[in-house]
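See structure below.
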Amino acid sequence: MIEQESVRQSRAIYYASGIVSICGIIFEVLFGALGSYILGDGVKQYTLTISLFLTGMGIGAYFSEKMTRHLIASFIWIEYSIGIIGGFSAMLLFGVTAYLPPGTGSLFLYSVILIVGSLTGVELPILIRKANEIGVSLQKSAAKVLFSDYAGGLVGGLLFLFLLRPYFGLVKTAFLVALINVTVALWIVFRFKHELKRFKLHVSFGLLFLAILILGALFGEQAAFHFEQQLYKDPVIFSEQTSYQKIILTKQQGDTRLYLDGQLQFSSSDEHRYHEILVHPPMAAAARHDRVLVLGGGDGLAVRELLKYEDLGNVDLVDLDPKMTETARTNHLLTELNEGSLDNPKVNVVNEDAFRFLEGANGFYDVIIIDLPDPNNESLNKLYTLEFYSLARNHLHPDGAMMVQATSPVFAPQVYWTIDKTIQATELQTENLHADIPSFGGWGFVLASRSEIQTENLEIIEDTEYLTTELLPALMAFGKDEDAIIEDNNGESIALEPNTLIRPNLIGIYEKSWTSY
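Following this line, the structure appears as structure tokens:
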């Protein structure tokens, strides 16, 4: 009978180790996602998250050596602590970022990562020691607990990627996972109740924490939404976390704004300036308009400008996120702006990575418009590389033209001219344009073609609100503080290098350039 009870207890320990390991890996990737969304630079945030979490686990494992008594009670309170701290982490991060000084959000997040990592690091040594105490050999108990841990890690990662993040979002996911931690602790309370001196106290606190976390799961998103409102200038009227990004629409006094992962994409008050420059110069430079490719531009605004041309053939619009193009087709604020462009029979929407699309595309395009978010992380950086622009060149008709949005030559001149340098490295000829977009500031574009662009022959013939043929020469004139000669603090010229997959120098330049803005 005693032997059967030992077997049941050891199984409970193995099950608990597997479940809390699932929770641990979910919290780890959740913290990385939170850092990427709120603080930016996904590679940096995931790297710091993994480093801090593993460091915390090491610290926890070290201090677990001192825990030789009351192992079950210790495990229970560790799970309670992980549940409360991890559960409220996402919601509170939004609040800290919204109301406290800049930099406080990163300090808060990194502290939470280290604390939860440390608590997680205590779990397995305690369970292994308890299994050994029950009577399982140390070698066998360690092997089984570690197997449960590693297998649980895989399950946790897959659950977060394919279920929790896309269907529940970051805030609710944190509370749901925390509920599992506390539920496991309560299960262990009842499974080992004969070993606990204060059984009722453990149960009472467990039930209290469950109730708090359930309330958090039910109402935490509303609180986080209120906090998130403070991060934006105008009231948030649409918010959706997709598998790829956070889509936010705000509106104030008739001005609609789109944000992707916190980065402004357009303001309805001046988006016409941006999209007219993005579309009409390459259309004027191209010999024909039979086949046009738009990479990015899931809001449909660039396509709206293209559809002004009567001789327009077919348009392939490639945007990674199906939720973005669906929103552009169904949200009335966007359909009013893009005039239902994505439902036009000339337009073919493809939800695919732009790099992969170009690798598999056939034939030539007369016009290629590259309207992608700024290169502030590794996944976006690859779309600003020599390899990517070479693929685009390979699909550009010999007498066609390409336009690339290239960030700001005012705020980030080294970024802008590095993009220009990278495009030139594909042996395309380039011309540079920039304009004042009030919601963005001074913004730059790179016009490219296989042959030298005859700028004096460019003519804007379609109906526009801002751009005219007479204005084009002015857009090609750059001030001394935004031209291609970049100097360091000592007044020495900086040699610009093309951005490549092997040497992704643009990310560091971008991050450094925008530090003061």
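Taken in order, the sequence shown gives residues 1 to 517; the numbers are from full-length UniProt numbering. Even for Gly, the Cβ is constructed at its ideal location relative to N, Cα and C. Owing to the predicted nature of the structure, the values given are computational and were not obtained by experimental measurement.
query                                                                                                                                                                                : result
Do A401 and W514 have their CB atoms nearer than 8 angstroms?                                                                                                                        : no
So what does D316 bridge to, in DSSP terms?                                                                                                                                          : L293, N348
Leaving aside the five residues before and after G156 along the sequence, list all residues of the same chain whose C-beta is less than 6 angstroms from its C-beta, in chain order. : I22, I25, I26
Would you call the segment 249-259 in contact with the segment 119-136, where contact means no fewer than 3 C-beta pairs closer than 8 angstroms?                                    : no
By DSSP, does M283 sit in helix, in strand, or in coil?                                                                                                                              : helix
Tell whether a beta-carbon distance below 8 angstroms holds between G105 and I50.                                                                                                    : no
What do you get for P345, buried or exposed, if any count of 16 or more other CB atoms within 10 angstroms of its CB means buried?                                                   : exposed
When you compare only the Cα positions, how much space is there between H202 and S111?                                                                                               : 27 angstroms
Alpha carbon to alpha carbon, how far is N381 from Y416?                                                                                                                             : 13 angstroms
Measure the beta-carbon distance from F227 to A98 and round it to whole angstroms, keeping in mind my assumption that it falls under 8 angstroms.                                    : 4 angstroms
Over the uninterrupted alpha helix (DSSP H) stretch that includes I423, give me the two end residues.                                                                                : 413-424
Are the CB atoms of T325 and N351 within a distance shorter than 8 angstroms?                                                                                                        : yes
Hey, quick one: how far does the alpha helix (DSSP H) through N181 stretch, first residue to last?                                                                                   : 165-191
Is H395 helix, strand or coil when you go by DSSP?                                                                                                                                   : coil
The alpha helix (DSSP H) with R356 in it runs from where to where?                                                                                                                   : 354-360
Helix, strand or coil for D481, going by three-state DSSP, please let me know.                                                                                                       : helix
For the segment 36-89, which segments carrying the alpha helix (DSSP H) assignment without a break, of at least 4 residues, lie completely within its bounds, in sequence order?     : 42-64
Assuming contact is defined by CB atoms lying nearer than 8 angstroms, are G296 and V303 in contact in what I supplied?                                                              : no
Among residues of its own chain, excluding the 5 on either side of L48, which ones have a beta-carbon nearer than 6 angstroms to its beta-carbon?                                    : none
Helix, strand or coil for residue 576? Go by DSSP, reduced to three states.                                                                                                          : Since the displayed the chain opens at 1 and closes at 517, residue 576 lies outside it and no answer follows.
Ordered along the chain, which non-local residues of its own chain (more than five positions away) have a Cβ less than 8 angstroms from that of Q245?                                : L260, D261, D321, M324
Using alpha carbons as the reference points, say which of D319, K480, I188, L159 lies closest to G130.                                                                               : One point to set straight first is that residue 130 is Lys, not Gly, in the sequence displayed. With distances taken between Cα atoms, K130 lies closest to I188.
Please confirm if the segment 50-70 is in contact with the segment 210-228, defined as three or more CB-CB distances below 8 angstroms between the two stretches.                    : no
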